[in-house]
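For reference, the structure discussed in these notes is given below.
Number of protein chains: 2
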Amino acid sequence: MSPQPEVTMAQRKRQLVANELSEAALQLLALKGFDTVTIDEIAATAGVSKRTFFRYFASKEDVVVQFLADMGTGMRAVLASRPIEEQPSASLQHTVWVSMAACADHSDRALRVVQLILRTPALRARFLERQDQWRDDLAAELAQRLGLDPDTDLYPQLAAGMALTAFDAVLQRWSGSDGAEDPAELTDRAFATIAPALDSVE
Amino acid sequence: MSPQPEVTMAQRKRQLVANELSEAALQLLALKGFDTVTIDEIAATAGVSKRTFFRYFASKEDVVVQFLADMGTGMRAVLASRPIEEQPSASLQHTVWVSMAACADHSDRALRVVQLILRTPALRARFLERQDQWRDDLAAELAQRLGLDPDTDLYPQLAAGMALTAFDAVLQRWSGSDGAEDPAELTDRAFATIAPALDSVE
DNA sequence: CCTTCAATGGCACTCGGTGTCAAGCAGTTA
DNA sequence: TAACTGCTTGACACCGAGTGCCATTGAAGG
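Quick mapping for you: the protein sequence lines, in order, are chains A and B.
The first sequence begins at 11 in our numbering and counts up one residue at a time.
The second sequence begins at 11 in our numbering and counts up one residue at a time.
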């Protein structure tokens, strides 16, 4: 009768502590501001020690930004899954659209997190850092798809940068409207502006 | 007989200490890596105390990134100085071109600094932060020039983002080639790709 | 000569972050 | 039940970044 449910109890407990920590951090940071809240405070609220906090998260910023971790590899995977015949603008638009949809899905938590990130300089900096890595990933994938040499052609890097510029703009509007504006429609509008540059390669 | 040469000796000394600090930091950081060098070390090399270091620079990253400080306001000023009839792509291209030219001018120092920034994660993060502010500035200037409402139109933000994407790509190539590639030519190529999107507004 | 003011150095302190170690506890084997 | 193993935890010491405070110095100025 399910002696080993594939996940040991230790693993479940670990996940539980991570959630506890994450939730405590989010609440405190949103309430009191990023730099007035100490890690001891967060850890104490979650009922663990400061040392344990750092066994789950690498830094104070990471508690908030961590949920964006695999979004980068996710974006590259989505882009890679598009048909090769598709126009770059369409492939990239779909890629951004999927990420926005992921946010809008659990908009309860995602919206709070995004708003906190965008209005907190230290967190926004980490977010930009992540985006920078995503750009490299997308550029590499684009170069491969189009058979371009990323060392001579500027296109992959520029196209990836434009797509993420669109993503950033859409995310900003979406969070600025408290989730009221439609992510899909915003994405459409942004790519309507950008597309002429993305597809101008022959 | 110029009793007050407009600059007091205290001011000159201040500038001198700043240079000393900046030079010591650049040399040590490039030599030993960003995180293995302590601020005490930098200060000692420059012949001052750690406390004095923080009277000149807000953080360890600032010693390196500081020289980019007014580049942002500079870019906005350049954009604002372009004739209004000019196509946005041309105005923005010129704006980026001026910044690159500023780098290429004192390429002795600028190249070292840029290379250090781009290959050091902590410094690159600060650089991205700065760029983020520049984007806001450029977007605001664009919106004003074109009579657009930045709260409804996505164009200003997107156009500014694309221009800075181009700037980033060009800077990366330039520093990657140790200054061998021509900044002006790189800028031309980048904007050749981007321009169709920038001028598609009617 | 005396005053004023800015720059400095030293010191103590907070906080983020890390290495280390001993203790607690689940699961396993005898 | 006892012993062993492996993982998680808390406590402690420690380092470096960054700040507040105060006493000292030295240049400028009356």
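For each residue, glycine too, the CB sits at the ideal point set by N, CA and C.
The alpha helix (DSSP H) that contains residue i, what's its start and end?
| i | result |
| --- | --- |
| B:S109 | P98 to D115 |
| A:D213 | Because chain A is modelled from 11 through 212, residue 213 of chain A falls outside the range shown and cannot be assessed. |
| A:R22 | M19 to K42 |
| A:P206 | P193 to L208 |
| B:V213 | As displayed, chain B neither begins before 11 nor continues past 212, which places residue 213 of chain B out of reach and without an answer. |
| B:V180 | Y165 to G186 |
| A:R92 | No alpha helix (DSSP H) contains A:R92, which DSSP labels as neither H nor E. |
Determine the direct distance from the alpha carbon of residue j to that of residue i, and round the result to whole angstroms.
| i | j | result |
| --- | --- | --- |
| A:L78 | A:C113 | 10 Å |
| B:W144 | A:T18 | 50 Å |
| A:F177 | A:Q125 | 15 Å |
| A:E96 | A:D50 | 51 Å |
| B:L121 | A:Q37 | 44 Å |
| B:A68 | B:T62 | 11 Å |
| A:Q25 | A:R129 | 28 Å |
| B:E33 | B:S185 | 20 Å |
| A:D115 | A:T162 | 39 Å |
| A:L138 | B:A135 | 7 Å |
| A:G7 | A:S117 | An answer regarding residue 7 of chain A cannot be provided, because it is not within the stretch 11 to 212 covered by chain A. |
| A:M172 | A:L102 | 10 Å |
| B:L158 | B:D142 | 20 Å |
| B:H104 | B:L168 | 17 Å |
| B:L191 | B:P131 | Just to set this straight, residue 191 of chain B is Glu in the shown sequence, not Leu. Distance between the alpha carbons of B:E191 and B:P131 is about 24 Å. |
Below 7 Å CB to CB, which residues in the same chain sit around residue i once its five sequence neighbours on both sides are set aside?
| i | result |
| --- | --- |
| A:R140 | V75, L78 and G82 |
| B:A90 | E151 |
| A:R86 | D147, L148 and E151 |
Can you find the residues in the same chain that come closer than 6 Å, C-beta to C-beta, to residue i, ignoring five residues on each side of it along the sequence?
| i | result |
| --- | --- |
| A:V108 | V88 |
| B:A153 | P160 and P166 |
| A:Q14 | Low local confidence applies: a pLDDT of 41 at A:Q14 is under 50, so the model's placement there is unreliable, and no value is given. |
What residues in its chain sit with their C-beta under 8 Å from that of residue i, if we drop five residues either side in the sequence?
| i | result |
| --- | --- |
| B:S12 | Because the pLDDT at B:S12 is just 35, under 50, the model does not fix this residue reliably, and the value given afterwards should be weighed accordingly. Nothing meets the Cβ criterion. |
| A:V180 | V106, M110, P193, L196, T197 and A200 |
| B:L133 | F44, E71, V74, V75, L126 and I127 |
| B:V2 | Because chain B is modelled from 11 through 212, residue 2 of chain B falls outside the range shown and cannot be assessed. |
| A:Q182 | L128 |
Which whole-angstrom value describes the C-beta separation of residue i and residue j, a residue pair presumed to lie in contact below a C-beta threshold of 8 Å?
| i | j | result |
| --- | --- | --- |
| A:A207 | B:I52 | Actually they do not touch by this definition, with Cβ atoms about 43 Å apart. |
| B:A170 | B:P160 | Rounded, the Cβ-Cβ distance is 10 Å, inconsistent with contact. |
| B:D188 | B:S99 | Incorrect: roughly 29 Å between the Cβ atoms, too far for contact. |
| B:A28 | B:Y66 | 5 Å |
| B:T175 | A:T175 | 6 Å |
| B:R22 | B:I94 | Rounded, the Cβ-Cβ distance is 42 Å, inconsistent with contact. |
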